[in-house]
Amino acid sequence: MLCRTANELFWMSRHIERAENTARMLDVTYRMSLLPYEVIEPGLAWAEPWAVPLITSGLATEYYERYPVLSAENVLRFMILDATNPSSIFCCLRAARESARSVRGAITSEMYEDMNSAWLEVRGCDYARLESSGVSEFLDWVKMRSHLFRGVTVGTLLRDDAFHFIRLGTHLERADNTARILDVKYHTLLPSAADVGGAVDYYQWGALLRSVSGFEAYRKIYSDVITPRRVAELLILREDMPRSLHACMNFIHETLEHLCDEHTREIERASGELHAKLHYGRTDDIIKLGLHEYLMDFLERISALGDEISRHFLVPA
Amino acid sequence: MRAPDGSIRAPYQAFAGWLDRTPADRIAQKREEAERAFHRVGITFAVYGEESGSERLIPFDLVPRIISGDEWKVLDRGLRQRVQALNAFLYDIYHDQAILKAGVVPAERVLGNAQYRAEMQGMDVPGGIYAHIAGVDIVRAGAGEFYVLEDNLRVPSGVSYMLENRKMMMRLFPELFATQRIRPVQHYPDVLLANLYGLAPAGEERPTVAVLTPGAHNSAYFEHAFLAQQMGVELVEGPDLFVQNETVFMRTTHGPQRVHVIYRRVDDDYLDPLAFRPDSMLGVPGLFGAYRAGRVTLANAIGTGVADDKSIYPYVPEMVRFYLSEEPVLANVPTFLLHKKEDCDYTLAHLSELVVKETHGAGGYGMLIGPCATAAELEAFRQRILAAPAKYIAQPTLALSTCPTFVESGLAPRHVDLRPYVLSGKTTNLVPGGLTRVALREGSLVVNSSQGGGTKDTWVLAN
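Same order as they appear, the protein sequences are chains V and Z.
Reading the first sequence from the start, the letters are residues 478 to 794 in our numbering.
Reading the second sequence from the start, the letters are residues 799 to 1261 in our numbering.
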């Protein structure tokens, strides 16, 4: 497969996955903002639900450059519709569609048509329409479009390199997003030990789980109260949890085993190492090291892996 | 659709009956369905001069243009003959130049032409074929009278619309296809692929074919991607290719892979910055060297534009006689060459009756349609002609055939032309049909999509 094609497919799937994760995060924030919650110390990030998606995606600075105050409407405008924010859902879908268009020969016509119709719908969307049709409905729609596109891909695309690079993009992005969500919550949700186990704590861990479709899974597996330790275990180490780091690394490593040849063994080795850390890791060791430290290390490694993939497969010198 | 006496012409009779029986609201609903589907599928073209990345649909009209089996027989024979003569002409002018020596075509019209490529002189191309893919624009005026308006031998486009229009009609109105014998066109990509494989440098058992596009912002990008996908070959852009030891490779995720045949949709000027325009970002440095060494085949060949230039067009019937010793089946539209004094005088005296075109123009830009022009436009054009007469040709406006077309007020006649595609390689092939373009404005003769033209499905009936 052409390097350029592989690059576009990789970023196409990353952008769709990113749009989906942004929608998930906003949806949870939106639901949380509807709950009565106590502003314990005004101004603290954790007390302001609308700051969470900005911190998670690392966009707080960009946000405040454009909007003077933190408000639901502004965050939604910024994260959903803002054409100058490259991470907005609008921009992610536009970038994904542009990628699809530039390599439409490499994907099936069903995939392109699906992607194109998603773009045509989001293109005509403005804030008034978003409000009148319902923010949650819109965010559900984004998630559904992402599910649909993945389904069309799995159901129609030949298992060739195009499929492998799409899968690689999806899971690298998802691993990155899950790690970020988990990390920011770790900071923002537990400002002091005294709050542990309180109502706010409960709702916020619940929200975190919901944002990665993990709430029901948690209940099924643990049938018990939500504890940070178990949440960490579920979202990092459980390979049967489709958005966990372990599950993502299963896909990534398996795909790289397919793609790598004698010139690219180093990439396969690095992904194997990262995969092994998750496959043979223990919750106790993560907690001992510190969840934040663990996640920072993971984010660094996954980003380095992405760079290597890019350098060898996608944009070779 | 109708003969001069107002009766329905034979090939349209079955369709006209269907149209009478079908309620208007059902047709309106089908029109909307077609529009939605074209948007979703993304069958669009980019419009130059507008905001970058703007994409438009080419209006699609539901009423097919229908050609009888007998009419097609004539067209098929005439098209093969004409393209064969044009290929012989290209071979000749890039080799011995017999036709110039014989004085049939004035040498300065060829050798002084901007589209003539001295680099191609004396070079052999596989099979001696230059225009592998030709799109010949044809109009019908009166019963069975077909005229060639233009030969497109560089990178003719539009074939994807021929295929998509047919797909759409079969989806919207399967009953029409069930009750009439309409010859299929959908095998075009297979014929094209077989043709391209046949062009590979000798000794290649499993050649690699690629389609070279200028990129997603090109007006015909949809078509490039479509054809690559339909043929199952890579769609490449210039930077995806590189040349080493006069051999072309594409950059793949598994390292360099050799390319043998390139169906290029990039103009000559932009193909290779080392050989042609040095500022080209669309080309591949060294491509011409690999081509000259016979290590890669380009379709179409470089330098075909000299044969479809409007100033060469008047000589095509002579080429048929010269190379094939046959009488041309398809007539040319009478053409005045304004570099000739008597032609120029006549044109200036009859400007309001004529169509004047730039010899190097394309896409319906820079032309004057006398009968539709205002006095001021006529005067402005007169000045342009006087300033550089050799840049122009003039032709009488033909009583072009019309085809019923849905417009705001309902069905109304609109002028149409037809572009069939002729594939030349080891054999010459064409699928029965082509792209019908329709001028949507009342009275307009300009069918170009860049000028508000639309398209129709084209039916060739089986006898």
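By construction, the Cβ of each residue, glycine as well, lies at the ideal position given by its N, Cα and C atoms.
Between Z:F1024 and chain V, the shortest Cβ-Cβ separation is below 9 Å.
Scanning the region 881 to 935 of chain Z from its first residue to its last, the whole alpha helix (DSSP H) runs of 4-plus residues come out as 896 to 899 and 905 to 909. For secondary structure counted as the alpha helix (DSSP H) over 4 or more consecutive residues, the region 1006 to 1032 of chain Z holds these complete runs in sequence order: 1019 to 1029. Under the Cβ criterion (8 Å, minimum of three pairs), the region 1056 to 1073 of chain Z does not count as touching the region 1109 to 1119 of chain Z. In the three-state reduction of the DSSP assignment, V:L531 falls in the helix class. Residues D591 of the same chain have their beta carbon placed closer than 7 Å to that of V:L625, with the five preceding and five following residues left out of the count.
DSSP places V:Y680 within a helical segment (H, G or I) once states are collapsed to three. In the three-state reduction of the DSSP assignment, Z:P1187 falls in the helix class, which pools H, G and I.
The C-alpha of V:S613 lies about 10 Å from the C-alpha of V:T506.
For V:E590, the chain Z residues whose Cβ falls inside 7 Å of its Cβ are R838 and V839, in order along the chain. Collapsing the DSSP output to three states places V:E494 in a helix.
DSSP, reduced to helix, strand and coil, places Z:T1050 within a strand of the structure shown. For Z:L1216, the enclosing beta strand (DSSP E) starts and ends at G1208 to R1217. When secondary structure is reduced to three states using DSSP, Z:L860 falls in the strand class. In summary, the residues of the region 1038 to 1069 of chain Z whose CB is separated from some CB of chain V by less than 8 Å are D1038, M1048, R1049, T1050, T1051, H1052 and G1053, in the order they occur in the chain. Within 8 Å of the CB of Z:A1014, the CB atoms of chain V belong to E575, R578 and S579, in sequence order along the chain. Within the same chain, Cβ atoms closer than 6 Å to the Cβ of V:H492 are found at C569, A572 and A573, the five residues on either side in sequence being excluded.
Non-local beta-carbon contacts of V:A549 in its own chain, meaning distances under 8 Å to residues more than five positions away in sequence, involve Y507, S510 and W527 in chain order. Segment contact: the region 974 to 988 of chain Z against the region 1130 to 1148 of chain Z, fewer than three CB-CB distances shorter than 8 Å; contact not assigned. Residue burial is scored here from C-beta neighbours: Z:S1078 has at least 16 other C-beta atoms within 10 angstroms and is therefore classed as buried. Below the 7 Å Cβ cutoff, chain Z contributes A1023, A1026, Q1027 and L1033 as neighbours of V:G582, in chain order. Below the 7 Å Cβ cutoff, chain Z contributes T1050 and T1051 as neighbours of V:M478, in chain order.
When the beta-carbon positions are compared, Z:V946 and Z:V934 come within less than 9 Å of each other. Interface annotation for the region 591 to 602 of chain V against chain Z: N593, S594 and L597, criterion Cβ-Cβ distance under 7 Å.
Contacts between V:F728 and chain Z, judged by CB atoms closer than 7 Å, are missing: the closest CB pair is about 18 Å apart. At a cut-off of 9 Å between beta carbons, V:F642 contacts chain Z.
Contact of V:A483 with chain Z by beta-carbon distance below 7 Å involves T1051. At least one CB of chain Z lies nearer than 9 Å to the CB of V:L791.
Interface residue (Cβ-Cβ distance to chain Z less than 9 Å): V:L736 is classified as such. Against chain Z, the beta carbon of V:D638 has neighbours under 9 Å at T1050, T1051 and H1052, listed in chain order. Around the C-beta of V:D559, 16 or more other C-beta atoms lie within 10 Å, and the residue is accordingly described as buried. A distance below 6 Å between beta-carbons, with the five flanking residues on each side excluded, links Z:G1081 to the following residues of its chain, in chain order: G1036, Y1068, L1069, D1070 and P1071. Taking all protein chains in view, the Cβ of V:T633 is surrounded by fewer than 16 other Cβ atoms within 10 Å, so the residue is classified as exposed. Ranking V:V631, V:L791 and V:R600 by CA distance to the CA of V:E575 puts V:R600 first. Taken in chain order, the complete alpha helix (DSSP H) segments of 4 residues or longer contained in the region 589 to 648 of chain V are 604 to 610 and 612 to 633.
In the assembly as shown, Z:G1168 is a buried residue. Its beta-carbon has 16 or more other beta-carbons within 10 Å.
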